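Protein chains in written order, with our numbering: chain R, 64 to 79; chain A, 3 to 245. Just so it is clear, CB atoms sit at the ideal spot from N, CA and C, and this is done for glycine as well. As the structure is a prediction and not an experimental result, all values here were calculated from the model. Worksheet: the structure to be examined is printed underneath.
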Amino acid sequence: KEKHKILHQLLQNSTS
Amino acid sequence: SLRNIDELCASIVRSHRETSQYRVEELHALRWKLFNREEIQAYQSKSVDEMWQHCAIRLTEAVQYVVEFAKHIPGFRMLSQNDQIALLKTGSMEVVLVRMSRLFNTENNTVFFDGKFAGTEVFKSLACGDLITAVFDFAHGMCALKLTEQQIALFSALVLINADRPCLEDKGRVQRVQRSVEFGLTHILHRDNQESLMHKLYQRVAVLRSLCSLHMEKLRWFSQRYPLTAHSLFPPLYKELFA
Chain R
64 KEKHKILHQL
74 LQNSTS
Chain A
3 SLRNIDELCA
13 SIVRSHRETS
23 QYRVEELHAL
33 RWKLFNREEI
43 QAYQSKSVDE
53 MWQHCAIRLT
63 EAVQYVVEFA
73 KHIPGFRMLS
83 QNDQIALLKT
93 GSMEVVLVRM
103 SRLFNTENNT
113 VFFDGKFAGT
123 EVFKSLACGD
133 LITAVFDFAH
143 GMCALKLTEQ
153 QIALFSALVL
163 INADRPCLED
173 KGRVQRVQRS
183 VEFGLTHILH
193 RDNQESLMHK
203 LYQRVAVLRS
213 LCSLHMEKLR
223 WFSQRYPLTA
233 HSLFPPLYKE
243 LFA
């Protein structure tokens, strides 16, 4: 999970 | 049902529109805004690692829009986070390349970059002329298909939702989403009376794959020569995706 921290964050962000 | 397919296509097209960095009309108006000789010179006199860093930042910005696009493809968010990441890791660059064809002027072989249209010479200091030429050729080939924005939207979604990508946990679920997008693209092409495009689009998919492996090859070459830039100065998201 740590390896893709930013991707995780971007995906969890519900607003766009 | 037909209504479901219409809704699916409408969602994907809306997502494409809302997550495009530039609108087609906007780009059309800027069509002849080219870099002048001094500006080109300034790009060419950048060092290899400066130019790589610059392009890595631009590419990462484009990828962020693709992530937002993905999130609104019906079914994407139902996939596990692992699978969403696996699809983006292999597909985001491909979608950026598909989207790049919208930023391409075939009349003078230039692409919209940093606010103006740039020919291959602008990217000279990257020291990977073969990759740049291949990317421009791809954009040229895509433009020749004269796709509508709706067709580009569905094709981009199809490029991204691919059950054959490595490291997927639930291949079956990805396959179901893939089939629905495929159905959507077929539906749109049928409606536009352009079914023959499907075959041509699948040919482009193979080219995309080779462009991405060439990008990875160049990145490995660059990282060996400029480990510090690659490690400390590239955007973190770029490293997560490609390093």
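{"Query": "List the endpoints of the continuous beta strand (DSSP E) containing phenylalanine 115(A).", "Result": "112-115"}
{"Query": "Look at the Cβ atom of leucine 74(R), then the Cβ atom of glutamine 46(A), and state whether they are nearer than 9 Å.", "Result": "no"}
{"Query": "Quick check: the Cα distance between serine 79(R) and glutamate 20(A), rounded to an integer number of angstroms?", "Result": "Any answer about serine 79(R) is weak, because its pLDDT of 45 lies below 50 and its placement is not dependable; what the coordinates show is given next. Taking the straight line joining both Cα atoms gives about 9 Å."}
{"Query": "On the three-state DSSP scale, how would you describe leucine 239(A)?", "Result": "helix"}
{"Query": "According to the neighbour-count rule (16 or more other Cβ atoms, all chains shown, within 10 Å of its Cβ), is isoleucine 75(A) buried or exposed?", "Result": "buried"}
{"Query": "Using a Cβ-Cβ distance under 9 Å, would leucine 235(A) count as near chain R?", "Result": "no"}
{"Query": "Counting only beta-carbon separations shorter than 9 Å, does lysine 48(A) have a partner in chain R?", "Result": "no"}
{"Query": "Please say whether valine 97(A) and arginine 227(A) have beta carbons closer to each other than 9 Å?", "Result": "no"}
{"Query": "Mind checking if glutamate 1(A) is an interface residue toward chain R, Cβ cutoff 9 Å exclusive?", "Result": "An answer regarding residue 1(A) cannot be provided, because it is not within the stretch 3 to 245 covered by chain A."}
{"Query": "What is the rounded straight-line gap between the Cα of arginine 25(A) and the Cα of lysine 220(A)?", "Result": "30 Å"}
{"Query": "Using CA coordinates, which residue listed in Leu36(A), Asn110(A), Cys169(A) and Leu156(A) is at the minimum distance from valine 179(A)?", "Result": "Leu156(A)"}
{"Query": "Could you tell me the alpha carbon to alpha carbon distance between leucine 170(A) and methionine 80(A), rounded to whole angstroms?", "Result": "14 Å"}
{"Query": "My parser needs the alpha helix (DSSP H) runs of 4 or more residues fully inside the stretch 197-233 of chain A; what are they?", "Result": "199-227"}
{"Query": "Using the rule of at least 16 other Cβ atoms within 10 Å of the residue's Cβ for burial, across every protein chain shown, is glycine 93(A) buried or exposed?", "Result": "buried"}
{"Query": "Between the stretch 234-241 of chain A and the stretch 54-66 of chain A, can you find at least three pairs of beta-carbon atoms closer than 8 Å?", "Result": "yes"}
{"Query": "Tell me the residue span of the alpha helix (DSSP H) that contains phenylalanine 157(A).", "Result": "151-162"}
{"Query": "What residue from Lys73(A), Met53(A), Thr135(A) and Arg167(A) has the CA that sits closest to isoleucine 14(A)'s CA?", "Result": "Lys73(A)"}
{"Query": "Among His201(A), Glu70(A) and Phe78(A), which has the Cα closest to the Cα of glutamine 72(R)?", "Result": "Glu70(A)"}
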